[in-house]
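Numbering (full-length UniProt numbering), first residue to last: 1 to 587. Glycine is no exception: its CB is placed at the ideal position from the N, C-alpha and C atoms.
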């Protein structure tokens, strides 16, 4: 096979899993005002999604307010013509098992609505009615679905075929909410395909994965991918009033026989652990005559609290709050409680918090690149669901796959404001926002990365010529290229593994704000690490001018080994601040 002209590489196929609505408000998007309004809600942008398909008749994908089909669009529509409109302009399926683009799983419909669902009024009758306007992040963008996942899995061959089709069809943004385990870039279909998309000027956004809380658990780590982590927008959701608390520790209440004491008419406190699901525990409580249930998180899930359709009235509390309840139970022989429903409270001072099961860094494939790039709401996301016979037309779902579509459209919104430059500094935009969670319309200092800049970086990873060639799709000779350390890539962040020797890295920024700004540097003090920046002032004389600065990291004598410290570097002018995160692993 290797002798066949055009052969690049061959290996056994991998199977990838899917990464399983106040998001616009949390991200500072307000209808008819500010950045959302000036970006025209993504008007004219084409977003391609690789997922489990789509339910085309859901009202989130209505034609209302949409412009006609873009002239550059070359895609096809494999539903009936009745399902096609100016919102959903493309739908294709790949693989023998995926007989149509229709969504049999629900994941694809949900993520698509989170990405670019149109404005719809919703009313969901759960324990208390939920009503309001549901909307995706780029509600007037066009959508194209590439079904690459069936009921059981997502095959690598289908994924790469879907990416090729999306690139050729003319999408502006690719959103991919699936991924496998960490592997070298040349051995990962999504990362190779994303490089090809980047070369064509297409932004690729991928979910980080759901393999936390362990470290080194990321998917989709390449620096040309916007890797999206999930967070919790903490509020409190409490259910109906009941009258008595019974302190009983339960690990596997899968049947009424699991209880050793009478729980009839009482509230059962249930600590998570074991095999039974949260809903199954509630069924057991109900079958035993219990009045309600309090679910206490395990320590590693911190504040990760899920909205689920429980059988008895149920509240789900953090591990810390659970310990308070446990202490109260131990303090009295006749504990009582009242649970009052207060709905969802926005603005909790502990928000945002990274979800307990989010895939954490650092990157295994390239530790010198700080990943994930960005975080966004992904727990209890209200969005479209394909089968309203079984569930409401809009339901809650959780996982990094459900945050990726919403943050994937940051580039879609930016593209409409800065169409000529947005690809090269997409990650810079997300890293250097002055306020966490707020999408800014214009950046003032940009960290450019051209496709040619990746060659010294890839050769610096000690890949062979053939391995680099697989990624960049052309012959490469690393012996003729001046390779660089990972942390030298012009990324808008710093991930440094610091031993006894000082390390120095360069960054180049481009002025895209005012004509003649002067920026001064400020550095967060990191315990055990000295950081020097030269020069300490950047004085620009014109727009689009580039200046380079140098950052040196030096381990202090008092620094403890095997510790992680973090902070930031910030350039500040009279009007603007541009921040770069720093993480130092002291080895």
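Bounds of the beta strand (DSSP E) holding residue 92 are 88 to 93. DSSP links residue 271 through a beta bridge to 296. A straight-line Cα-Cα distance of about 7 Å links residue 203 and residue 197. A distance of 8 Å or more separates the beta carbons of residue 371 and residue 524. In the DSSP annotation of this structure, the continuous segment of the alpha helix (DSSP H) that includes residue 109 starts and ends at 107 to 116.
Bridge partners of residue 179 according to DSSP: none are assigned. Under the DSSP assignment, residue 165 falls in the alpha helix (DSSP H) whose first and last residues are 156 to 169.
Selection 186, 115, 551, 517 evaluated against residue 543 yields 517 as nearest (Cα-Cα).
If one requires a minimum length of 3 residues, the beta strand (DSSP E) runs lying completely within the stretch 521 to 550 are 529 to 534, 537 to 539, in chain order. When DSSP states are grouped into helix, strand and coil, residue 83 belongs to the helix group. For residue 470, the enclosing alpha helix (DSSP H) starts and ends at 465 to 472.
Residue 491 and residue 222 have their C-alpha atoms spaced approximately 12 Å apart.
Boundaries of the beta strand (DSSP E) around residue 316: 314 to 317. Selection 115, 56, 335 evaluated against residue 103 yields 56 as nearest (Cα-Cα).
With at least 16 other beta carbons inside 10 angstroms of its own, residue 540 counts as buried. Each of 87, 464, 329, 512 was checked against the Cα of residue 44, and the nearest Cα belongs to 87. For the pair residue 284 and residue 293, the Cα-to-Cα distance works out to about 10 Å.
Cα atoms of residue 225 and residue 207: separation of roughly 10 Å, rounded to the nearest angstrom. Taken through DSSP and simplified to helix, strand or coil, residue 451 comes out as helix. Rounded to whole angstroms, the separation of the alpha carbons of residue 48 and residue 172 is 8 Å. A residue is called buried when at least 16 other Cβ atoms come within 10 angstroms of its Cβ; residue 330 does not meet this threshold and is exposed. Here DSSP, grouped into helix, strand and coil, assigns residue 581 to strand.
It is roughly 32 Å from the alpha-carbon of residue 181 to the alpha-carbon of residue 89. Proximity of the stretch 548 to 557 to the stretch 495 to 513 meets the contact definition, three or more beta-carbon pairs being nearer than 8 Å. For residue 179, same chain residues with a beta-carbon under 7 Å away, outside a window of 5 residues either side, are 16, 19, 190, 206, 207, 209, 219, 220 in chain order. By the neighbour-count criterion, in which a residue is buried when 16 or more other Cβ atoms sit within 10 angstroms of its Cβ, residue 464 is exposed.
Residue burial annotation: residue 297 is buried, with at least 16 other C-beta atoms found within 10 angstroms of its C-beta. In the DSSP secondary-structure assignment, residue 51 is bridged to 147. In the DSSP assignment, residue 506 forms a beta bridge with 550. Cβ-Cβ distances below 8 Å link residue 556 to 528, 529, 530 in the same chain, with the five nearest sequence neighbours on each side left out; the list follows chain order.
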